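Below: one structure, written as structure tokens.
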Amino acid sequence: MIKLQDIHFRYKKNKPLFENLNLTLQPGFIYGLLGKNGAGKSSLLKLISGMLFPNSGASKVFGSDASARKPAMLQDIYLVPEEFNLPAISMATYVKTTAVFYDKFSHNQFNAYLAEFELTDDAKLSTLSYGQKKKFLIAFGLATNARLLILDEPTNGLDIPSKSQFRKIMASALDEEKIIIISTHQVRDLENLIDTIVVLENGKIIFNHSIAAISERLAFEYDLNGLPADEIVYAEEIHGRKAGIVKNIAGIDSRVDMELLFNGIVKDAGKVNEQFAAFKYEL
Amino acid sequence: MEFKENQAIYLQIANRFFENILRKDWAAGDKIPSIRDMAVEFEVNPNTTMRTFNYLQDKGVIYNKRGVGYFLADDGFEKTIVLKKEQFLEEELPAFLKTMKLLGLSLEDLKKYEGKYNGASIN
């Protein structure tokens, strides 16, 4: 489990980013961290992984304090950043010199992921394309078998078949011990992989619900014509039609449209969150 | 697989299971692919396919042998027919009748087309 407790954090004096931030992440789930540019997503991921220290409060990763950066915790965390530099050595050399830091690293798994991504380990890392480098890092990260895997914009730079391979690999990699956090703007690529949506805005968590809870409470409609206004939670124009989020009155689970949901939350988080208050039954 | 706009993903996957059962790709007592295999095939979270399996188990279409896997129930085919018939009558037929009404078609009119589509393959 990951527990952020009463986190306060600022880069500059008088300009706090996080004030009293609390977040709990459970194993066995893939969390989608969404937020506009500059919302604080990367900073949050760095606080979780011990790359930034909070001014006050604590970040606990599987029971240990992230700021202590104990080897036992670090070998249980892998972060694939959005931007990275790789040395001018072959993949095989990189693995030989780096895998030793992860006691659960599996060469068999690594080779299987490389094959799935159509990469070969004799390639020199610096000569690979951005997308290939990213696939290499994802394969390496999964092969570490770290219980916490953080992926910052994992599908950026991936071509269409690679995105599909990525989803297959993620579906096979999740188990009841792992916590996977995916920070992304590419919700369409990943919406069927995410269990719980966490939305960050101006350093605050403004939404945190599972897909199951969302599809129970909300429905997503692509033609709002004729629907009573009090059932509509959020509306926008798509291709000249009014689409949006409505209350799930019929009680039938519908597909969660993450893009619509995100737009609705950013527009008026309070109104979306109202739908998650305890059900009031009319007598 | 391309998912439709409105229906929950776990139910769309359940519909794919129903198709396999109705086409007799899976027979009574057959072991069906695992929750994880299905998640990989459909490129979705395994917790989503778990919901599909729980849903089908609740409906009595499949059953679980602990530690072995999931199997198609002996009456899985019959139960699927009942479920799909219900779904057809409640969801598809009203939309179908509405379109007929909009186009001014009667059931008599449709009979002319019946022969044309009689040879349609269910695969």
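As given, the protein sequences belong to chains A and B, one line each in that order. Going by our numbering, 1517 is the number at position 145 of the first sequence; the sequence numbering is gapless. Going by our numbering, 112 is the number at position 82 of the second sequence; the sequence numbering is gapless. Using N, Cα and C, we set each Cβ at its ideal position, and we do this for glycine too. All values reported here derive from a predicted model rather than from experimental measurement.
Limits of the alpha helix (DSSP H) - the one that Leu113 of chain B falls within: Gly106 to Gln117
Three-state secondary structure (DSSP) of Lys1550 of chain A: coil
Contact set between Gln37 of chain B and chain A, taken where Cβ atoms lie within less than 9 Å: Ile1624, Asp1625, Ser1626 and Arg1627
Contacts around Asp1475 of chain A, its chain only, beta-carbon distance under 7 Å, and the 5 residues preceding and following it disregarded: Gln1447
What residue range does the alpha helix (DSSP H) around Lys1540 of chain A cover? Ile1532 to Ala1545
To the nearest angstrom, how far is the alpha carbon of Asp60 of chain B from that of Phe83 of chain B? 15 Å
Is the beta carbon of Leu1416 of chain A less than 9 Å from the beta carbon of Leu1397 of chain A? no
Within this structure, are the beta carbons of Asn1620 of chain A and Glu1588 of chain A separated by less than 9 Å? yes
How should His1581 of chain A be labelled, buried or exposed, when 16 other C-beta atoms within 10 angstroms of its C-beta is the threshold for buried? buried
Contact belief for Leu1406 of chain A with Ile1569 of chain A at Cβ below 8 Å, rounded distance in angstroms: 6 Å
Give the single residue among B:Asp88, B:Met68 and B:Lys114 whose Cα lies nearest to the Cα of Ala103 of chain B. B:Asp88
Going along the chain, which residues of the region 1534-1549 of chain A sit with their C-beta nearer than 7 Å to a C-beta in chain B? Ser1536, Arg1539, Lys1540, Ala1543, Ser1544 and Leu1546
Taking the continuous beta strand (DSSP E) assigned at Glu1608 of chain A, which residues delimit it? Ile1604 to Ile1610
I'd like to know whether the C-beta of Ala1584 of chain A is nearer than 9 Å to at least one C-beta of chain B. yes
Measure the CB-CB distance between Asn1517 of chain A and Ser1478 of chain A and report whether it falls below 9 Å. yes
Ordered along the chain, which non-local residues of its own chain (more than five positions away) have a Cβ less than 6 Å from that of Tyr1502 of chain A? Gly1529
Proximity test, Cβ basis, 9 Å: Ala1444 of chain A and chain B: no
Could you name the residues of the same chain whose beta carbon sits closer than 7 Å to that of Phe1482 of chain A, not counting the 5 residues immediately before and after it, in chain order? Val1467, Ala1511, Phe1512 and Ala1515
Does any CB atom of chain A fall closer than 9 Å to the CB of Asn153 of chain B? With a pLDDT of only 49 at Asn153 of chain B, under 50, the local geometry of the prediction cannot be trusted, and the value read off the model is given with reservation. Chain A, which has no Cβ nearer than 9 Å to the Cβ of Asn153 of chain B, makes this no.
Per DSSP, which one or two residues make a beta bridge with Pro1388 of chain A? A:Arg1382
Return the bridge partner residues of His1479 of chain A from the DSSP annotation. DSSP lists no partner for His1479 of chain A.
Within a Cβ cutoff of 7 Å, which residues of the same chain sit near Gln1504 of chain A, ignoring the five residues on either side of it in sequence? Leu1491
So is Leu1509 of chain A buried or exposed if we call it buried at 16+ other beta carbons inside 10 Å? buried
Please list the terminal residues of the continuous beta strand (DSSP E) segment that includes Lys1657 of chain A. Because chain A is modelled from 1373 through 1655, residue 1657 of chain A falls outside the range shown and cannot be assessed.
Taking a Cβ distance cut-off of 8 Å, strictly less, list which residues of the region 1374-1403 of chain A are near chain B, in chain order. Gly1400, Phe1401 and Ile1402
Given a limit of 7 Å on CB to CB distance, which residues of the region 41-75 of chain B reach chain A? Leu41, Arg66, Ala69, Val70, Glu73, Val74 and Asn75
Which residues of chain B have a Cβ atom closer than 8 Å to the Cβ of Ile1566 of chain A, listed in chain order? Asn75
In whole angstroms, give me the CA-to-CA distance for Asn153 of chain B and Phe1381 of chain A. At Asn153 of chain B, the pLDDT of 49 sits below 50, so the modelled position is not reliable and the matter cannot be decided from this model.
Using a 10 Å radius around the Cβ and a threshold of 16 neighbouring Cβ atoms, would you call Gly1575 of chain A buried or exposed? buried
Would you be able to state if there are at least three C-beta pairs under 8 Å between the region 32-52 of chain B and the region 1622-1634 of chain A? yes
List, in order along the chain, the chain A residues whose C-beta lies closer than 7 Å to that of Thr82 of chain B? Neighbours of Thr82 of chain B on chain A: none; closest Cβ ~12 Å, over 7 Å.
Leu133 of chain B (DSSP reduced to helix, strand or coil): helix
At what residues does the alpha helix (DSSP H) containing Lys1505 of chain A begin and finish? Tyr1502 to Ala1515
Judging by CA-CA distance, which residue of A:Ile1449, A:Glu1488 and A:Ile1461 is the nearest neighbour of Phe1473 of chain A? A:Ile1449
Determine contact between the region 56-75 of chain B and the region 98-117 of chain B, defined as no fewer than three beta-carbon pairs at a distance below 8 Å. yes
Give a single yes or no on whether Ser1582 of chain A has its beta carbon closer than 8 Å to a heavy atom of the ligand FAD. This structure simply doesn't include the ligand FAD, nor any ligand for that matter.
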